[in-house]
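Residue numbers (full-length UniProt numbering): 1 to 155. The C-beta atom is built at its ideal place from N, Cα and C for all residues, glycine as well. Computed from a predicted structure; not experimentally measured. One structure is given here, and the rest of the page talks about it.
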Amino acid sequence: MTEAKYIINNSEITAVDNATVEWVDDTFFYIFFLGQKYHGEILAANLEENTLTIKINQRTFEVKRKGALDDLIKKMGLDQKKVKKMHQLESPMPGRVISFAVEVGQEVEVGSPLLTLEAMKMENVIKADGVGTVKGLAVNNGDVVDKGQVIIEFE
1 MTEAKYIINN SEITAVDNAT VEWVDDTFFY IFFLGQKYHG EILAANLEEN
51 TLTIKINQRT FEVKRKGALD DLIKKMGLDQ KKVKKMHQLE SPMPGRVISF
101 AVEVGQEVEV GSPLLTLEAM KMENVIKADG VGTVKGLAVN NGDVVDKGQV
151 IIEFE
């Protein structure tokens, strides 16, 4: 009996040879298990992380096949995602700086709000796409900035 280890919704599962899969096309499939037929669909595939998001009978699951090297990679700490270190934030569009959500010396994480920029009568919250410590604010509240202009510098 062949066993394969999978991680489904963050729980480790050991699969055995009593289920079969029949592919309809590259997205849709059927699973036959213990006399039951289940409808399946691949919603998303992330090849870098070896994961699939699938829907089976209207329930969504995150599936990752656990390989032989996964435990070693985790033990070595190499399973952590790479995070971009920010050096500076440039304005993504022309507009007016309404307010800053950070101050000099503050550490930011991915997704942290940095500032609010008004452009075309809409307020846009600009968030960090990496990590860093605010070194300086290159403009002031109320300043008009051009696309690509440096707004915040990071250490």
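| Asked | Found |
| --- | --- |
| When you compare only the Cα positions, how much space is there between LEU78 and LYS64? | 17 Å |
| Under 9 Å, do VAL110 and ALA128 count as touching if we go by C-beta distance? | yes |
| So the alpha helix (DSSP H) LEU72 belongs to, where does it begin and stop? | 70-75 |
| On the premise that VAL108 lies in contact with GLY132, defined as a C-beta separation below 8 Å, what is that separation, rounded to the nearest angstrom? | 6 Å |
| What are the boundary residues of the beta strand (DSSP E) that includes THR133? | 132-137 |
| Going by alpha carbons, who is nearest to THR51 out of GLY67, HIS39, LYS37 and TYR38? | GLY67 |
| Using DSSP's beta-bridge definition, name the partner residues of GLY40. | PHE29 and ILE56 |
| Give me whichever residues DSSP pairs with LYS85 in a beta bridge. | VAL131 |
| Taking MET86 as the reference, which of GLU153, GLU41, LEU115 and VAL21 has the closest Cα? | GLU153 |
| For ARG59, which option in ASP71, LYS82 and LEU43 has the closest C-alpha, if you only look at C-alpha atoms? | LEU43 |
| With 16 other CB atoms within 10 Å as the buried threshold, where does GLY35 fall? | exposed |
| To the nearest angstrom, report how far apart ILE126 and THR116 are at their CA atoms. | 6 Å |
| Need the endpoints of the beta strand (DSSP E) that ALA119 sits in, please. | 113-119 |
| Who are the near neighbours of VAL144 in its chain, counting only those whose CB is closer than 6 Å to its CB and skipping five residues on each side? | ARG96 |
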